[in-house]
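Please read the structure below before turning to the comments.
In our numbering, the protein residues as written are 7 to 204.
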C-alpha cells in the first residue's frame, strides 16, 4: 500500500479518535461546538472570551431570511423534490466573494492597516480612492437591506466588551466612513466585514 496521508489536526486509530491531541469522546458533551471548531482550526482550546466571540460569529452567520441566493437556491431545489443533501449542496454552491464569502477578501484589505492609529482615516480615504480609480470592489461593506447591520453592531459591541476591538476593527470602520463619504450614501461595515476585522 502507498503512503498514508497525515495531518496534525486529527489522528484516527481503531476505536480511538483524536482532535489536536484531545480524545474526541472526551470532548463530546464537555465542550461547545464552537470551542471544538476553534480547537480544530487553531490547535488550542479557546480562552473564555475567544470562545464567546467565536460562538457569536457563528450565530451571526446562521440566518438572514429567505432573500439570500443560497437560501433561494436551496428552497427552490427542495420544492422540486430533490433530497435535502442535494438542496443544501446547491445552496452552498452559491457562496462566492459576493455572497457569504467576502470575509477572506476583506481580511486581505484590513491587513494593510497602518501601524500608526493616527493615520487610519487618511489611509482609509487613500484606499477607497484607489479602489474606485481601479474599479475594485471593497469587500465587507454595504448591504442591500441594512444601512446599519444589526449583526455587525452586536459583534463589534461584544468585541469591545471582551477586549478584541483592535486596529483591524478601527480600520474597517474608518474604511466604511470613507467609502460612505466617497459614494454619497451609507456603506456600512457588513457582517462579513465585521467577521474579517475580528
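Cβ coordinates follow ideal geometry from the N, Cα and C atoms, glycine included.
_In DSSP terms, what residue 217 is bridged to_ = Residue 217 lies beyond the residue range present for the chain, which begins at 7 and ends at 204; the question has no answer from this structure.
*Please state if the CB of residue 143 and the CB of residue 180 are separated by a distance shorter than 8 Å.*
With respect to residue 143, residue 180 sits apart: the two C-beta atoms are not nearer than 8 Å.
*Kindly identify the DSSP beta-bridge partner or partners of residue 102.*
Beta-bridge pairing links residue 102 to 105, 106.
*I think residue 184 touches residue 109, with their Cβ atoms under 8 Å apart; what is that distance to the nearest whole Å?*
20 Å between Cβ atoms; not a contact.
*residue 150 to residue 24 span [Cα, whole Å]*: Their Cα atoms are separated by approximately 43 Å.
*asked:* Please tell me whether residue 204 and residue 101 are closer than 8 Å, where the distance is taken between their beta carbons.
replied: For residue 204 and residue 101, no; Cβs fall outside 8 Å.
*Cutoff 8 Å; reference residue 71; Cβ partners in own chain excluding five residues on either side*: Cβ within range, chain order: 77.
*Look up residue 48 in the DSSP assignment and say whether it is helix, strand or coil.*
Looking at residue 48 - three-state DSSP - the assignment turns out to be helix.
_Let me check understanding here. Comparing Cα to Cα, which of 193, 112, 49 lies closest to residue 27?_
Minimum Cα distance to residue 27 is reached at 49.
*So who's on the other strand from residue 195, going by DSSP bridges?*
Answer by DSSP bridge pairing, in chain order: 147.
_With three or more C-beta pairs closer than 8 Å as the rule, is the segment 129-140 touching the segment 81-98?_
Look at the beta carbons and you see the segment 81-98 not touching the segment 129-140: under three pairs across the two are nearer than 8 Å.
*What number of angstroms, rounded off, separates the C-alpha of residue 29 from the C-alpha of residue 37?*
If you draw a straight line from the Cα of residue 29 to the Cα of residue 37, it is about 12 Å long.
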